[in-house]
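What follows is a set of notes on a single structure, which appears directly below.
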Amino acid sequence: MADLSSFPITKRWPASNPDIIQLYSLPTPNGVKVSIALEELGLPYEPHLISFGTNDQKSPEFVSLNPNGRIPAIIDPNGPDGKPIGLFESGAILVYLAEKTGKLIPSDAARRYETLEWVFFQMAGVGPMFGQFGHFFKFAAEKVANNSYPVERYRDEAKRLLGVLESRLQGREWIMGDEYTIADITTFPWVRGVDVFYGGREVLEFESFPSVMAWLDRALARPASQRGLSIPKRD
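Position 8 of the sequence shown, counting from 1, maps to 8 under the UniProt record's numbering, and the rest follow consecutively.
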């Protein structure tokens with residue numbers, strides 16, 4: 001049995017089975033990336049709910065694994081050289097899982113780097129900009145009621161990014177063509193989330209991006225997506 005005692009997070013969220021991947025997360029656009037990937041890969045894992053309601057992500061135990069205090073994070077008891085490894089940042093975790101299994105990322109070097117381009121496009125653009133749009137559009141609407149600039153700025157940038165995706169997906173089933181990869185997994189939860197979490201479908205004019213919408217439907221229809229979108233289960 002793997003010894004995870006060197007990870008303080010396991011004191012607060014004990015592992016029932018320390019021999020499998022431990023996932024610390026919440027079903028948000030960032031959090032579900034990893035649960036969806038784990039479901040696609042068929043890797044055994046144990047999910048632990050990190051509740052924002054009680055600021056679990058700011059607790060000393062969680063921060064010991066992710067000093068940035070953000071979900072998701074994992075511990076893999078079977079990391080490089082067979083030693084346990086802890087990882088945070090959803091993009092880094094997806095790359096790690098893909099390379100660990102040799103799946104969800106092309107084996108060809110040039111296509112691998114092309115996939116990583118689109119992973120980083122989401123990490124640097126789609127996630128932060130969609131999140132800022134959602135913050136000002138939904139959660140801070142009263143605070144900016146007399147100043148339309150924040151909503152307009154992030155609305156326009158979110159639409160621009162959707163346009164980039166639209167161009168990429170025209171004539172393609174997935175971001176990398178016929179191959180479903182971590183580029184899709186890192187991106188589609190945010191496109192879904194800007195609608196489901198923030199109610200931005202009409203403001204962002206989703207109907208103007210038919211290729212993106214068709215791609216989103218395909219991604220959501222995958223059984224692994226349907227399972228992963230609700231893991232960990234909320235209280």
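Cβ coordinates follow ideal geometry from the N, Cα and C atoms, glycine included. The structure displayed is predicted, hence computed values, not measured ones.
Which residues DSSP lists as bridging residue i, in chain order
i: residue 47; result: 23
i: residue 179; result: 176
i: residue 73; result: 24, 88
Assumed close pair residue i, residue j - CB separation to whole angstroms, cut-off 8 Å
i: residue 115; j: residue 183; result: 5 Å
i: residue 94; j: residue 186; result: 6 Å
i: residue 18; j: residue 2; result: 4 Å
i: residue 133; j: residue 198; result: 7 Å
i: residue 136; j: residue 151; result: 5 Å
i: residue 209; j: residue 166; result: 4 Å
i: residue 216; j: residue 192; result: 6 Å
i: residue 155; j: residue 97; result: 33 Å between Cβ atoms; not a contact.
i: residue 10; j: residue 104; result: Not really, about 27 Å apart at Cβ, beyond 8 Å.
i: residue 129; j: residue 162; result: Incorrect: roughly 10 Å between the Cβ atoms, too far for contact.
i: residue 4; j: residue 77; result: 6 Å
Sequence-distant residues of the same chain with beta carbon closer than 8 Å to residue i, five excluded per side
i: residue 25; result: 31, 32, 34, 35, 47, 48, 49, 50, 71, 72, 73, 231, 232
i: residue 213; result: 206, 207
i: residue 112; result: 105, 106
i: residue 236; result: Because the chain in this structure spans residues 1 to 235, residue 236 falls outside the shown range and cannot be described.
i: residue 99; result: 105
i: residue 16; result: 46
Own chain partners of residue i with C-beta closer than 7 Å, once the 5 adjacent residues on each side are dropped
i: residue 219; result: 184, 188, 225
i: residue 179; result: 106
i: residue 122; result: 186, 187, 190
i: residue 168; result: 175
i: residue 239; result: Examination of residue 239 is not possible in this model, given that the chain is present from 1 through 235 alone.
i: residue 138; result: 198, 199
Sequence-distant residues of the same chain with beta carbon closer than 6 Å to residue i, five excluded per side
i: residue 195; result: 201
i: residue 229; result: 32
i: residue 63; result: 69
i: residue 8; result: 61, 64
i: residue 211; result: 166, 169, 170
i: residue 143; result: none
Outcome for residue i when other beta-carbon atoms lying within 10 angstroms are tallied against a minimum of 16
i: residue 238; result: A query on residue 238 cannot be resolved here, the shown segment of the chain reaching from 1 to 235 and no further.
i: residue 22; result: buried
i: residue 108; result: exposed
i: residue 39; result: buried
i: residue 57; result: buried
i: residue 60; result: exposed
i: residue 83; result: exposed
i: residue 54; result: exposed
i: residue 171; result: exposed
i: residue 27; result: buried
i: residue 159; result: buried
i: residue 131; result: buried
i: residue 223; result: exposed
i: residue 66; result: buried
C-beta neighbour in chain B for residue i, strict 7 Å
i: residue 69; result: Absent from the structure is chain B; it holds one protein chain and no more.
Alpha helix (DSSP H) runs contained entirely in the stretch 75-114, provided each spans 4 or more residues: 90-101
Enumerate, from N- to C-terminal direction, the unbroken alpha helix (DSSP H) stretches of 4 or more residues contained entirely within the UniProt domain "GST C-terminal" (108-235). 109-121, 127-134, 149-169, 182-196, 210-221, 223-228
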